[in-house]
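Residue numbers (full-length UniProt numbering), protein chains in the order written: chain A, 1 to 258; chain B, 1 to 258.
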């Protein structure tokens with residue numbers, strides 16, 4: 001029997017997870033944001049992360065397919081539209097370009113072939129497992145836990161700001177096009193998380209439900225962290241790239257700086 | 001080993017299913033559209049059919065959650081938006097009211113309480129089984145079969161036209177508000193089915209795949225038909241309403257006419 005936390009205690013417990021284990025603390029991000037990585041390593045990061053980006057709408061659609069309330073689906077739908085976009089690239093309204101397309105502008109800017117990126121052929125198996133675990137989690141757990149797992153958005157604006165600043169300061173590839181994904185998320189994530197946090201605070205009505213939400217958020221931070229572990233192992237230390245995974249042309253350990 | 005049909009033969013085979021077993025042929029619809037039903041019977045139809053309406057987005061989201069291609073998701077998304085709407089009732093832009101809300105205007109016009117309709121408490125268990133079978137089908141079968149099962153939209157405009165004409169001619173409840181769902185679908189369904197049919201024709205590349213699509217469409221017509229069988233049994237002949245299901249106040253067998 002878990003004790004029912006007050007609204008403040010529950011919010012603090014959720015935030016504490018971010019402070020302890022959000023992936024902004026991971027050594028790979030420290031290197032990435034601190035200008036310490038070479039071009040090939042950044043390519044590997046962007047390539048692998050593309051699988052996460054392209055899977056987020058599958059995750060949100062899986063959640064939505066379980067919602068009975070059209071009003072709730074209507075709100076959540078915005079997340080899918082944010083990622084998939086309301087139009088293809090090359091059409092007039094730039095603001096309607098989705099997050100997936102914006103991420104491809106980043107991989108373009110890093111010199112990766114779009115067809116190769118989209119094929120997912122070069123991603124690390126561990127990336128696939130971690131991302132798929134997220135989609136499966138929201139399918140197999142309660143709707144409340146599924147929503148709670150999205151609350152890493154509480155911590156996202158800080159990492160996006162750190163990333164934009166680090167990229168602009170250290171890397172030649174940083175420009176309006178390659179940074180467009182992160183800048184857009186600065187607007188979108190706070191709106192999403194306001195809704196998600198309110199939903200969780202209002203719908204976790206027992207101590208057990210609160211603890212399930214805390215576990216869900218912790219699960220989410222773990223799968224983000226695991227993706228960076230795999231990248232670090234393959235492309236930083238010891239640099240053991242699994243057979244079949246992306247091998248950068250540029251394997252110089254030198255910093256990819258301006 | 002199934003023979004590969006030509007594009008024309010395959011299209012004809014799909015259309016033949018509609019001609020043989022689409023639910024416009026069901027006796028219940030003949031009574032409904034011919035002005036032969038009483039108010040309570042029409043209430044029962046609209047109440048049960050609401051579960052289908054509210055489940056269609058769950059069905060489409062389940063399909064979308066299985067799509068890897070953002071461009072494909074972007075097209076399919078329109079179906080969910082059509083049903084869930086882009087705004088709540090009472091806000092300015094009438095064109096953005098979703099199909100579910102429009103269906104509630106029909107149940108309003110028939111004198112049913114919205115909370116009761118939304119609660120789903122009065123629907124026939126057989127309605128639930130048939131509708132849920134549709135959601136499960138698109139989850140458990142191939143994406144191609146899931147898309148093929150949507151092709152009853154080939155046959156929908158004809159039944160909507162017949163229904164609008166029959167309602168206007170025979171029933172006192174027919175007005176712009178109660179007919180709004182059907183009129184809107186006259187615009188939406190042809191657009192949806194153009195896409196779905198093209199997708200099926202292009203992606204069913206073997207005789208086996210074509211036969212699977214034909215079976216999927218047949219499955220869909222069966223589940224639509226089964227819903228009317230259940231209504232007919234409970235509310236027409238023999239009129240055996242299962243315990244717990246909706247019991248109309250008005251059980252007069254007289255026609256609910258103008």
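Note that beta-carbon positions come from the ideal geometry of N, C-alpha and C, so glycine has one too.
Inset, instruction - Taking the CB atoms as reference points, tell me whether residue 192 (chain B) and residue 153 (chain B) lie closer together than 7 Å. - result: As a working mapping, residue 192 (chain B) is identified with position 192 in the second chain. As a working mapping, residue 153 (chain B) is identified with position 153 in the second chain. Taking 7 Å as the Cβ cut-off, residue 192 (chain B) and residue 153 (chain B) qualify as a contacting pair.
Legend entry - chain B within 7 Å of residue 47 (chain A), Cβ atoms only: Here residue 47 (chain A) is taken as the residue at index 47 of the first chain, counted from 1. No, because no Cβ of chain B sits closer than 7 Å to the Cβ of residue 47 (chain A).
Legend entry - Whole-angstrom distance between residue 211 (chain A) and residue 50 (chain A), CA atom to CA atom: Along the first chain, read from residue 1 onward, the residue named residue 50 (chain A) stands at position 50. Along the first chain, read from residue 1 onward, the residue named residue 211 (chain A) stands at position 211. Rounded to whole angstroms, residue 50 (chain A) to residue 211 (chain A) spans 31 Å at the Cα level.
Legend entry - Sub-7 Å separation of residue 238 (chain A) and residue 189 (chain A) beta-carbons: In the first chain, counting from the first residue as 1, residue 238 (chain A) sits at position 238. In the first chain, counting from the first residue as 1, residue 189 (chain A) sits at position 189. In this structure, residue 189 (chain A) does not lie closer than 7 Å to residue 238 (chain A) by Cβ.
Inset, instruction - Below 7 Å between beta carbons is the criterion; list the residues of the segment 178 to 199 of chain A that meet it against any residue of chain B, in chain order. - result: none
Inset, instruction - Determine the closest residue to residue 175 (chain A) out of A:57, A:102, A:48, with distance taken between C-alpha atoms. - result: Translated into positions along the first chain, residue 175 (chain A) becomes position 175. The shortest C-alpha separation from residue 175 (chain A) is found at A:102.
Inset, instruction - Starting from residue 174 (chain A), trace the alpha helix (DSSP H) both ways and give me its first and last residue. - result: Looking up residue 174 (chain A) in the first chain gives position 174. Here residue 174 (chain A) belongs to no alpha helix (DSSP H), and DSSP marks it neither H nor E.
Legend entry - Rounded separation between residue 148 (chain A) and residue 67 (chain A) - CA only: Translated into the one-based positions of the first chain, residue 148 (chain A) becomes position 148. Translated into the one-based positions of the first chain, residue 67 (chain A) becomes position 67. Roughly 14 Å separates the two Cα atoms.
Inset, instruction - Jot down the residue ranges of each uninterrupted alpha helix (DSSP H) in the segment 100 to 166 of chain B, minimum 4 residues, whole runs only, in chain order. - result: 114 to 119, 125 to 140, 143 to 148
Inset, instruction - For chain A, find out if any of its Cβ atoms is closer than 7 Å to the Cβ of residue 100 (chain B); answer yes or no. - result: Position 100 of the second chain, counted from the first residue, corresponds to residue 100 (chain B). Yes - at least one Cβ of chain A is within 7 Å of the one on residue 100 (chain B).
Legend entry - Simplified DSSP assignment, three categories, for residue 193 (chain A): Numbered from 1 along the first chain, position 193 holds the residue referred to as residue 193 (chain A). Three-state result, residue 193 (chain A): helix.
Legend entry - Three CB pairs or more closer than 8 Å across the segment 8 to 24 of chain A and the segment 193 to 210 of chain A: yes
Inset, instruction - Indicate whether the contact test is met: 3 or more Cβ pairs, each with one atom in the segment 130 to 144 of chain B and one in the segment 62 to 82 of chain B, closer than 8 Å. - result: yes
Inset, instruction - Examine chain A for any beta-carbon lying closer than 7 Å to the beta-carbon of residue 84 (chain B), and answer yes or no. - result: Counting from 1 along the second chain, the entry for residue 84 (chain B) is found at position 84. Output row for residue 84 (chain B): interface = yes.
Inset, instruction - Would you mind working out which of A:235, A:120, A:131, A:181 sits nearest residue 36 (chain A), comparing C-alpha positions? - result: Residue 36 (chain A) sits at position 36 when you count from the first residue of the first chain. The residue with the shortest Cα to Cα distance from residue 36 (chain A) is A:235.
Legend entry - Three-state secondary structure assigned by DSSP to residue 66 (chain B): Along the second chain, one-based indexing puts residue 66 (chain B) at 66. Of the three classes helix, strand and coil, the one that applies to residue 66 (chain B) here is coil, per DSSP.
Legend entry - Rounded Cβ spacing between residue 56 (chain B) and residue 83 (chain B) (contact assumed at less than 8 Å): Taking the first residue of the second chain as 1, we reach residue 56 (chain B) at position 56. Taking the first residue of the second chain as 1, we reach residue 83 (chain B) at position 83. Residue 56 (chain B) to residue 83 (chain B), Cβ: 5 Å. Contact.
Legend entry - Buried versus exposed call for residue 79 (chain A) [16 or more other C-beta atoms within 10 Å across all chains shown]: The residue given as residue 79 (chain A) occupies position 79 in the first chain. So residue 79 (chain A) ends up on the buried side.
Inset, instruction - Measuring alpha carbon to alpha carbon, tell me which of A:16, A:162, A:7, A:111 ends up nearest residue 250 (chain A). - result: In the first chain, the residue the question calls residue 250 (chain A) occupies position 250. Residue 250 (chain A) has its Cα closest to that of A:111, out of A:16, A:162, A:7, A:111.
Legend entry - Distance between beta carbons of residue 150 (chain B) and residue 207 (chain B), contact taken as under 8 Å: Locating residue 207 (chain B) in the second chain gives position 207, where the first residue counts as 1. Locating residue 150 (chain B) in the second chain gives position 150, where the first residue counts as 1. With 8 Å as the limit, residue 207 (chain B) and residue 150 (chain B) do not qualify as a contact, their Cβ atoms being about 22 Å apart.
Inset, instruction - Answer yes if the segment 155 to 171 of chain A comes into contact with the segment 13 to 25 of chain A, meaning at least three C-beta pairs across the two stretches below 8 Å, and no otherwise. - result: yes
Legend entry - Cα-Cα separation, residue 144 (chain A) to residue 205 (chain A): Position 144 of the first chain, counting from 1, holds the residue named residue 144 (chain A). Position 205 of the first chain, counting from 1, holds the residue named residue 205 (chain A). Between residue 144 (chain A) and residue 205 (chain A), the C-alpha separation is close to 11 Å.
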